[in-house]
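Numbering (the working numbering), first residue to last: 114 to 341. Beta carbons are placed, not taken as given, at the ideal position from N, Cα and C, and that holds for glycine.
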């Protein structure tokens with residue numbers, strides 16, 4: 114069997130991850146909305162604290178380097194930064210935890226079942242097998258998914274191991290004794306190629322919107338501080 118190419122593996126995973134992310138958003142819609150509002154308020158408070166500090170420094174003629182140094186010991190700034198960190202944690206940690214909890218039965222169930230593949234892998238002609246080229250079974254598939262945390266915690270070095278011949282096994286595949294193989298020679302479906310092509314501009318757009326919001330909040334805080 115042909116080892117699965119890295120791009121196909123990523124495309125399959127990203128499709129499955131998108132499905133799980135939609136489920137997480139549906140289940141945590143209200144907490145996520147409340148969390149986003151809390152993050153926005155905390156960032157506005159931080160921007161206001163920084164703007165007030167900058168205005169005071171300008172009035173006293175404090176040079177920029179001295180202002181930056183003073184921020185290191187500013188208790189108000191530390192408190193505002195702590196509040197923002199807490200708000201971000203309250204927003205992200207429950208979503209990440211639910212995503213991880215849903216991932217285990219999702220990936221283990223599909224890859225350890227009759228399909229030997231998640232919907233994303235099946236769409237792209239990929240299958241998960243054990244070292245004997247047989248179906249991995251639920252236990253081995255669950256071990257593979259649990260070991261996947263190590264591939265993420267290694268800053269994706271564990272995933273990059275899948276590029277090494279001859280077996281092209283990621284770290285979690287080596288631990289679980291599994292492989293991801295390609296079971297057909299058909300070109301990547303157009304929908305999957307379009308999905309991959311749309312990801313970079315979508316990420317760029319999100320970053321641009323985030324930076325625009327940050328700029329608006331900071332300018333509003335400066336205008337309020339300066340009385341404009």
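- With distances taken between CA atoms, residue 235 lies nearest to 293 out of 293, 135, 174.
- In the three-state reduction of the DSSP assignment, residue 280 falls in the coil class, being assigned neither a helical nor a strand state.
- Our two residues, residue 226 and residue 285, have alpha carbons roughly 18 Å apart in a direct line.
- Membership of residue 328 in the alpha helix (DSSP H) is indicated by the continuous run 303–339.
- Contact between the region 210–223 and the region 240–259 is established, with three or more Cβ pairs separated by less than 8 Å.
- In the DSSP assignment, residue 239 falls within the beta strand (DSSP E) that extends over 239–243.
- In this structure residue 128 touches residue 308 by the C-beta definition: roughly 7 Å separates them, less than 8 Å.
- The distance from the Cβ of residue 301 to that of residue 121 is about 7 Å, consistent with a contact at the 8 Å cut-off.
- For residue 116, DSSP records a beta bridge to 294.
- In the three-state DSSP reduction, residue 168 falls in the helix class (H, G or I).
- In this structure, residue 168 sits away from residue 180, with a CB-CB distance that is not shorter than 8 Å.
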